[in-house]
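My numbering applies: residue 131 is where the sequence shown begins, and numbers increase by one.
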Amino acid sequence: MNFTDHLETISLEELNAAAALQTRTDRKYILTQEQAAEVLPILGQQALVLSIDERRASDYTSVYFDTPDLASFHLAAHPRRRRFKVRTRSYMDTEQCYLEVKTEGAREQTVKERIEHPFMSRDALSGESLDYIQETLDHELGSCPIDPQLLTPVIDSSYTRTTLYLPQTNSRVTVDTNLVWTDPKSGTRLECNEIIVETKSAMNAGPADKLLWSHHVRPSRISKFATGMSLLDQHLPANRWHKTTKHKISTSVSLHP
Numbered sequence: 131m132n133f134t135d136h137l138e139t140i141s142l143e144e145l146n147a148a149a150a151l152q153t154r155t156d157r158k159y160i161l162t163q164e165q166a167a168e169v170l171p172i173l174g175q176q177a178l179v180l181s182i183d184e185r186r187a188s189d190y191t192s193v194y195f196d197t198p199d200l201a202s203f204h205l206a207a208h209p210r211r212r213r214f215k216v217r218t219r220s221y222m223d224t225e226q227c228y229l230e231v232k233t234e235g236a237r238e239q240t241v242k243e244r245i246e247h248p249f250m251s252r253d254a255l256s257g258e259s260l261d262y263i264q265e266t267l268d269h270e271l272g273s274c275p276i277d278p279q280l281l282t283p284v285i286d287s288s289y290t291r292t293t294l295y296l297p298q299t300n301s302r303v304t305v306d307t308n309l310v311w312t313d314p315k316s317g318t319r320l321e322c323n324e325i326i327v328e329t330k331s332a333m334n335a336g337p338a339d340k341l342l343w344s345h346h347v348r349p350s351r352i353s354k355f356a357t358g359m360s361l362l363d364q365h366l367p368a369n370r371w372h373k374t375t376k377h378k379i380s381t382s383v384s385l386h387p
């Protein structure tokens with residue numbers, strides 16, 4: 131039985147209203163299957179689960195775009211100011227898709243802008259998409275650090291997400307399972323054996339963090355984009371994710387049929 135089966139639910143509208151306009155501290159944790167089976171039911175005792183159209187979990191696919199010299203990846207790996215990510219984020223259950231441009235500029239503030247994108251073209255960028263990327267990077271970074279015309283798909287990331295709401299502290303927790311990274315060129319797939327938990331709290335440490343710490347699970351550095359890239363291509367610098375890729379993530383390799 132899934133640990134959320136018995137939980138009371140909260141709608142997306144209720145969740146957004148309860149958690150709107152909060153300054154949040156995000157922490158990511160990598161759990162083994164055994165750790166998740168032990169910790170998540172305890173966490174569920176104080177949580178509501180997000181339900182959308184009676185679904186308590188949703189399937190996501192993100193396609194990340196980069197230049198031939200992997201400008202976005204290297205800016206994240208070293209790291210550098212004026213970082214950016216370009217991706218399409220697809221909600222597979224509802225066949226909705228958005229083009230998202232994430233930037234990090236002054237004072238390490240992360241900004242995410244997005245527009246609707248055709249679901250069936252989630253791995254392609256139209257002329258309108260390229261104009262939007264150019265305008266967004268110009269606006270957020272002062273000038274566009276790349277030629278958007280050079281952007282091509284470099285990695286797909288798919289997973290199933292469950293979102294929990296902890297009403298006592300007005301905090302969220304996301305639980306990502308079935309994480310798969312795919313190289314769109316070779317078709318190589320890496321299936322992650324672990325579960326990724328992210329806490330989003332307005333506090334320095336919320337109850338979910340303290341529960342995880344009490345079970346000897348500490349925050350980890352992981353990026354579905356950059357960590358996946360460094361796992362798929364061993365020649366890329368792991369840098370900030372070296373400890374994660376070497377000691378906390380285990381994968382199974384398969385090919386598209």
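Positions of the beta carbon are idealized from the N, C-alpha and C atoms, including for glycine.
query	result
Helix, strand or coil at L142 according to DSSP, with G and I counted as helix	helix
DSSP-derived helix/strand/coil call for T357	helix
Span of the alpha helix (DSSP H) around S287	S287 -> not in any alpha helix (DSSP H); beta strand (DSSP E) instead, spanning 282-296.
Cβ separation of E321 and V310, assumed to be a contact under 8 Å, to the nearest whole Å	5 Å
Whole-angstrom distance between Y262 and H329, CA atom to CA atom	Contrary to the premise, residue 329 reads as Thr rather than His in this sequence. Going from the Cα of T329 to the Cα of Y262 covers about 31 Å.
Bridge-paired residues (DSSP) for V305	T292, V327
Backbone CA spacing between T312 and Y289 [nearest angstrom]	12 Å
S188 beta carbon less than 7 Å from that of T139	no
Counterpart residues of K242 in DSSP-defined beta bridges	K232
Secondary structure of T374, DSSP reduced to three states	helix
Reference G174, options V347, F133, A206, closest by Cα	F133
The region 222-237 contacting the region 247-259, beta-carbon criterion three pairs below 8 Å	yes
Member of L271, S256, N300 whose CA lies at the smallest distance from the CA of E243	L271
Closest by C-alpha distance to A207, when choosing among D156, A356, S344, G317	A356
Test item: CB-CB of L219 and E234 under 7 Å	Before going further, note that residue 219 is Arg rather than Leu in the sequence given. Result no, Cβ atoms of R219 and E234 do not sit closer than 7 Å.
Backbone CA spacing between N334 and S141 [nearest angstrom]	26 Å
Beta-carbon gap between Y159 and V305 smaller than 7 Å	no
Contained beta strand (DSSP E) runs [length at least 3] in the region 143-204, N- to C-terminal order	155-161, 178-180, 188-196
Per DSSP, the bridge partner or partners of W311	S287, L320
Status (buried if at least 16 other CB within 10 Å, exposed otherwise) for G336	buried
C-alpha gap between L151 and L145, whole angstroms	A caution first: L151 carries a pLDDT of 41, below 50, which makes its placement in the model too unreliable to give a value.
Exposure label - V383; buried when at least 16 CB within 10 Å	exposed
Under 7 Å between C-beta atoms of H345 and V169	yes
For V216: DSSP bridge partner residues	F195, V231
Assigned secondary structure, Q364 (DSSP; H/G/I helix, E/B strand, else coil)	coil
Whether S380 touches S331 by CB criterion (7 Å)	no
Inter-residue spacing [alpha-carbon to alpha-carbon] between V179 and R186	7 Å
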